[in-house]
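Colleague: Numbered by this note's numbering, the letters in the sequence shown go through residues 145 to 739 in order.
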Amino acid sequence: MSMTVADFLLKRLAEWGVERIYGYPGDGINGIVAALGRADDKPKFIQVRHEEMAAFMACAHAKFTGEVGVCLATSGPGAIHLLNGLYDAKVDHQPVVAIVGQAARAAIGGHFQQEVDLVSLFKDVAHEYVVMASVPAQIRHMVDRAVRIAKAERTVTCIILPNDLQQVDAEEPKRAHATIHSSTGYSKPLVIPAEADLRHAADLLNDGEKVAMLVGAGALDAAGEVGEVADILGAGVAKALLGKAVLPDSLPFVTGSIGLLGTKPSYDMMMDCDTLLMVGTSFPYSEFLPKEGQARGVQIDIDGRMLGLRYPTEVNLVGDAQVTLKLLIPYLRRKDDRSWRQTIEQNVAKWWKVLEARAMTDAKPINPQRVFWELSPRLPDSCILTSDSGSAANWFARDLKIRNGMMASLSGNLATMGPGVPYAIAAKFCFPERIAIAMVGDGAMQMNGINGLITIAKYWRQWSNPRLIVLVLHNNDLNQVTWELRVISGDPKFEASQDLPEFPYARYAESLGLKGIRMERPDDIGGAWDEALAADCPCIVEALTDPDVPPLPPHITFDEAKKFASTLYQGDPNQRGIIRQAAREFVESVLPHNN
Ligand SMILES: Cc1ncc(C[n+]2csc(CCOP(=O)(O)OP(=O)(O)O)c2C)c(N)n1
Ligand SMILES: [Mg+2]
């Protein structure tokens, strides 16, 4: 049988090294699905329950492997379902290629069934490259460009294939005028700043007395250099959410996360520093950075467009984080006065005690912080952590001490609900030997997670190490937003929008042939983690957690406190519980062991 356009598409993707396609079928891509059935080995098709999950998995694939992630969906509804996951990849700068079907060429423009103007629909999310094919000879360069541009620009690209075109014979471009003769292959360039700019940056950093560093996803492969620079400069290092795995939290000068989900030592360091060095981060909240004029700044980013954007940095270096820091080091002078660094280390040590005390505070029935606190020392070597958006992200960011060799991610810039479980599934396909742990709220579980469990049940036997754990924070509340209503807007909880219906997460997991464990009392926590981590199949840990434990920012402003107090007068339905819990947390933070 001759090769169809769809066969050629898959062959070309395989030549690019694509091993796996996450997707869902439909008649808009029947030609491609049939070709997947014929393909000997690669790429393999992973079937999801909803196309959004395929896009999240492609994004996580890119985040965890550094390779391009590929997702596939049918025309119209399937393509539309991809969008949220594609935006997640776009705004977190991940290379993802979306392949979608379209109505047959003869029907396009005819208000045909499932015909949506996909070029326009994807024009924003895949703005660097979105093209609809009309003849077979285009496929070669469309694949080559979609993959190459996704990699080169670290972004989302999209190929649209009318369904009839997928089934016609493949064609190579003719040797003729107006034909395209493209090739595969992309090597990441080495991007380094000019020598003079490095010197300028070093002068500025050498002049400072109180240097703060902030690192993000762009610094993930620069652990050694970040640590060395921090040492020379006597700096502390705060980590943006996507940069959690840059440095282990056991280091005394690592102040942990920053921002609304951040720590007090990060906050204090930013408020007191006179010099700021940002590496590979676009952390968005400027109120958690030094105020304008307080500090002089240097920023390093691989993407020139992201420089001088969050803080008016004086020296902006376009460069790979690792190599740029390496080149910077010889120009840096070791700071003899270590008092700034000592203060940071004291603050960090104190903060871990506050966190422990907060975690061990009683709650009804379980304090969610304790669930994370007790997981932390049990984290297996080289595990892969994912978190959903919601209160889990706070505890993930603050309470888990990450170690060398682990990976961790979540939806950073889009901060969408829903990726926790699909990210963990992609992690298992990419690294079947490693243990994946997803931390998810009950809202996110009801949105996407419980359907993700069906996918886990379908595939887990293929993984050489079957361990994947999904922690569900069962609090019957869209808790993060409930607290944002209280603290940021000064509105009491609105039960009609915030309360969640009951669902038996652990029992449901069992019904799928997975393991389900319930944490019902604080004393259950440690044992439940040990059991889950030793399970011989994927495991759902359902923790009954208290929605009155506040996922509060490390430092509440007077304005926020006032707004929060006013919600109590307005009759918040959880009034008594939150007063009780707030009082306990307050007492814990002023006890002698914290001073
Ligand atoms: C797709 C999407 N919808 C809504 C939101 C707003 N949002 C952010 S966190 C959150 C609550 C999450 O609730 P849950 O998953 O139960 O976690 P909890 O905070 O209760 O632990 C909501 C509604 C969002 N970020 N993304
Ligand atoms: Mg919840």
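Here a beta-carbon is modelled for each residue, glycine too, at the ideal position from N, C-alpha and C.
Here the structure is a predicted model, which means the values were calculated and not measured.
1. By the DSSP assignment, the beta strand (DSSP E) with residue 234 in it spans what residues?
2. Are residue 283 and residue 149 close, meaning C-beta to C-beta below 9 Å?
3. Across the region 606–617 and the region 671–686, are there enough close Cβ pairs to call them in contact, namely three or more that are closer than 8 Å?
4. In three-state DSSP terms, what is residue 724?
5. By the DSSP assignment, the beta strand (DSSP E) with residue 618 in it spans what residues?
6. Compute the minimum distance between the beta carbon of residue 586 and the heavy atoms of ligand 1, and state whether it is under 8 Å.
7. Say yes only if the C-beta of residue 621 is nearer than 8 Å to one or more non-hydrogen atoms of ligand 2, and no if none qualify.
8. Considering Cα atoms alone, identify which of 512, 299 and 393 is closest to residue 552.
9. Quick one, are the C-beta atoms of residue 513 and residue 693 less than 9 Å apart?
10. Can you grab the Cα-Cα spacing for the pair residue 739 / residue 365, in whole Å?
11. Give the secondary structure of residue 621 by DSSP, where H, G and I count as helix, E and B as strand, and everything else as coil.
12. Residue range of the beta strand (DSSP E) that residue 215 falls in?
13. Check residue 350 in the structure and name its three-state DSSP category.
14. Would you say residue 246 reaches chain C, if we count a Cβ-Cβ gap shorter than 9 Å as a contact?
15. Quick one: is the Cβ of residue 534 within less than 8 Å of any heavy atom of ligand 2?
16. Do residue 590 and residue 644 have their C-beta atoms closer together than 9 Å?
17. Are three or more beta carbon pairs between the region 562–582 and the region 517–536 nearer than 8 Å?
18. According to DSSP, residue 813 sits in a beta bridge with which residue or residues?
19. Along the chain, which unbroken stretches of the beta strand (DSSP E) at least 3 residues long are found entirely within the region 442–521?
20. Closer than 8 Å to a non-hydrogen atom of ligand 2 - does that hold for the CB of residue 523?
21. According to DSSP, is residue 735 helix, strand or coil?
22. Could you have a look at residue 380 and say whether DSSP puts it in helix, strand or coil?
23. Which residue's Cα is closest to the Cα of residue 358: 239, 457 and 706?
24. Can you determine whether any heavy atom of ligand 1 sits closer than 8 Å to the C-beta of residue 561, and answer yes or no?
25. Under the rule that 16 or more other beta-carbon atoms within 10 Å means buried, what is residue 594, buried or exposed?
26. Alpha carbon to alpha carbon, how far is residue 642 from residue 620?
27. Pick out whichever of 401, 475 and 179 has its Cα sitting closest to the Cα of residue 313.
28. When DSSP labels each residue in this structure, what does residue 248 get in the three-state scheme?
29. What residue does the alpha helix (DSSP H) around residue 152 start on, and which one ends it?
30. Residue 295: which of 653, 343, 275 and 328 sits nearest, CA to CA?
31. Confirm the yes/no value for this check: CB of residue 615, any heavy atom of ligand 1, distance under 8 Å.
32. Would you identify the three-state DSSP class for residue 588, choosing helix, strand or coil?
33. Express the C-alpha separation of residue 480 and residue 232 in angstroms, rounding to a whole number.
34. If you draw a straight line from the C-alpha of residue 583 to the C-alpha of residue 318, how long is it?
35. May I ask you to verify whether the region 215–228 touches the region 167–187, counting CB pairs closer than 8 Å and requiring at least 3?
36. If you reduce the DSSP assignment to three classes, tell me which class residue 298 lands in.
Modeller: With the given structure in hand:
1. Taking the sequence shown and counting its residues from 1, the one referred to as residue 234 is at position 90. Counted as a single uninterrupted DSSP element, the stretch harbouring residue 234 is not any beta strand (DSSP E) but the alpha helix (DSSP H) occupying residues 221–235.
2. Position 139 of the sequence shown, counted from the start, is the residue given in the question as residue 283. Position 5 of the sequence shown, counted from the start, is the residue given in the question as residue 149. Going by C-beta atoms, residue 283 is nearer than 9 Å to residue 149.
3. Segments in contact, yes.
4. Numbered from its first residue, the sequence shown carries residue 724 at position 580. Helix, per DSSP.
5. To locate residue 618, count along the sequence shown from 1; it is residue 474. Note, residue 618: beta strand (DSSP E), 612–618.
6. Sequence index remark: in the sequence shown, residue 586 carries index 442 (1-based). At least one heavy atom of ligand 1 is found less than 8 Å from the C-beta of residue 586.
7. One-based indexing of the sequence shown puts residue 621 at position 477. Indeed, a heavy atom of ligand 2 lies less than 8 Å from the Cβ.
8. As a first step, residue 552 must be located in the sequence shown, where it is residue number 408. For the residues 512, 299 and 393, the minimum Cα distance to residue 552 belongs to 393.
9. Indexing the sequence shown from 1 puts residue 513 at position 369. Indexing the sequence shown from 1 puts residue 693 at position 549. Yes.
10. Against the sequence shown, residue 739 aligns to sequence position 595. Against the sequence shown, residue 365 aligns to sequence position 221. Only weak support exists for where residue 739 lies, its pLDDT of 37 falling under 50; the coordinates are left without a value.
11. Stepping through the sequence shown from its first residue, residue 621 is reached at position 477. Note: residue 621 maps to strand in three-state DSSP.
12. Numbered from its first residue, the sequence shown carries residue 215 at position 71. For residue 215, the enclosing beta strand (DSSP E) has its first and last residue at 213–217.
13. Here residue 350 corresponds to residue number 206 of the sequence shown, with the count starting at 1. When secondary structure is reduced to three states using DSSP, residue 350 falls in the helix class.
14. The structure shown has no chain C; it contains just one protein chain.
15. Indexing the sequence shown from 1 puts residue 534 at position 390. The beta carbon of residue 534 sits closer than 8 Å to at least one heavy atom of ligand 2.
16. What you label residue 590 is simply residue 446 of the sequence shown in a count that begins at 1. What you label residue 644 is simply residue 500 of the sequence shown in a count that begins at 1. Taking the C-beta atoms as reference points, residue 644 is found nearer than 9 Å to residue 590.
17. Yes, the region 562–582 touches the region 517–536.
18. The structure shown does not extend to residue 813, since the chain is modelled only from 145 through 739, so no value can be given for it.
19. Listed in chain order, the complete beta strand (DSSP E) runs (minimum 3 residues) inside the region 442–521 are 459–462.
20. For the purposes of this step, residue 523 is identified with residue 379 of the sequence shown, where counting begins at 1. The beta carbon of residue 523 sits no closer than 8 Å to any heavy atom of ligand 2.
21. If you number the sequence shown from 1, residue 735 lands on position 591. Residue confidence for residue 735 is low, a pLDDT of 49 falling below 50, so the modelled location carries little weight; the figure read from the coordinates is stated next. Note: residue 735 maps to coil in three-state DSSP.
22. By 1-based counting over the sequence shown, the position of residue 380 is 236. Residue 380 falls in the strand class under three-state DSSP.
23. By one-based count along the sequence shown, residue 358 stands at place 214. Measuring from the Cα of residue 358, the nearest candidate turns out to be 457.
24. Against the sequence shown, residue 561 aligns to sequence position 417. Residue 561 Cβ: within cutoff of ligand 1.
25. By 1-based counting over the sequence shown, the position of residue 594 is 450. Buried.
26. Here residue 642 refers to the residue found at position 498 of the sequence shown. Here residue 620 refers to the residue found at position 476 of the sequence shown. Residue 642 and residue 620: Cα-Cα distance of roughly 8 Å.
27. Position 169 of the sequence shown, counted from the start, is the residue given in the question as residue 313. Here the closest residue by C-alpha is 179.
28. Taking the sequence shown and counting its residues from 1, one reaches residue 248 at position 104. The answer is coil: DSSP assigns residue 248 none of H, G, I, E or B.
29. Here the question's residue 152 lines up with position 8 in the sequence shown. 149–159 is the extent of the alpha helix (DSSP H) around residue 152.
30. As a position in the sequence shown, residue 295 is number 151, starting the count at 1. Closest in C-alpha terms to residue 295, from the list 653, 343, 275 and 328, comes 328.
31. Reading the sequence shown from its first residue, position 471 is the one you call residue 615. Not one heavy atom of ligand 1 lies closer than 8 Å to the C-beta of residue 615.
32. Mapped onto the sequence shown, residue 588 falls at position 444. Residue state, collapsed to three classes: helix.
33. For this step, residue 232 is matched to residue 88 along the sequence shown. For this step, residue 480 is matched to residue 336 along the sequence shown. For residue 232 and residue 480, the gap between their C-alpha atoms comes out near 44 Å.
34. What you label residue 583 is simply residue 439 of the sequence shown in a count that begins at 1. What you label residue 318 is simply residue 174 of the sequence shown in a count that begins at 1. Approximately 53 Å, taken between the alpha carbons.
35. The region 215–228, when compared against the region 167–187, does touch it at the 8 Å Cβ threshold.
36. Counting from one through the sequence shown, the residue named residue 298 turns up at place 154. Residue 298 falls in the coil class under three-state DSSP.
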